Amino acid sequence: MICGRCAACKYLRRRCPSDCIFSPYFPSSDPQRFACVHKIYGASNVGKLLQQLPAYLRASAADSLYYEAQCRIQDPVYGCVGVISLLHQQIHNAENQLAKTRAEIAVLSSFAQDITK
1 MICGRCAACK YLRRRCPSDC IFSPYFPSSD PQRFACVHKI YGASNVGKLL QQLPAYLRAS
61 AADSLYYEAQ CRIQDPVYGC VGVISLLHQQ IHNAENQLAK TRAEIAVLSS FAQDITK
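Positions 1 to 117 (UniProt numbering) are the ones given, in order, by the sequence shown.
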């Protein structure tokens with residue numbers, strides 16, 4: 001590596017090889033990103049997972065692992081499922097409010113038509 005070690009190799013206190021699986025996805029400028037992922041999944045598991053994936057999917061996988069690890073740290077019981085559940089509830093509430101508003105509009109439109117007759 002030209003710029004030194006990646007965040008993973010710094011965290012693990014090892015030399016960063018030129019073909020380091022972590023360096024493209026865990027830059028030294030964002031050490032918290034790797035620390036978070038390592039805390040939840042472990043460096044070995046993350047490395048194995050990234051190596052098994054095709055190169056074009058690795059960046060998305062690293063982003064997903066980071067997001068899911070952050071959620072798990074913030075909410076150890078539900079993790080990202082808690083966020084998904086909350087968003088589903090908000091969608092349900094918005095749909096109910098929309099249905100009520102449409103019903104009110106229908107009633108008021110009907111009332112306005114009756115007045116104009």
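Just so you know, even glycine gets a beta-carbon here, dropped at the ideal spot from N, CA and C. If you're wondering where the values come from, they're calculated on a predicted model, not measured in any experiment.
- Per the C-alpha coordinates, the member of L50, Q70 and D30 positioned closest to A61 is L50.
- Residue burial annotation: R5 is buried, with at least 16 other C-beta atoms found within 10 angstroms of its C-beta.
- Look at I91 here: in three-state DSSP terms it is helix.
- With fewer than 16 other Cβ atoms from the protein chains shown falling within 10 Å of its own Cβ, R102 counts as exposed.
- With respect to R15, Y66 sits apart: the two C-beta atoms are not nearer than 8 Å.
- A contact is defined here as three or more CB-CB pairs under 8 Å, and the region 30–45 meets this definition with respect to the region 8–22.
- Here F111 is exposed. Its C-beta has fewer than 16 other C-beta atoms within 10 Å.
- In this structure, the alpha-carbon of D19 lies about 12 Å from that of Y25.
- G82 sits in a helix when the DSSP states are folded into three classes.
- At a Cβ-Cβ threshold of 8 Å, P27 and A55 do not count as neighbours.
- Judged by their CB atoms, F22 and G47 are nearer to each other than the 8 Å cut-off.
- In this structure, the straight-line span from the alpha carbon of T116 to that of E104 is close to 18 Å.
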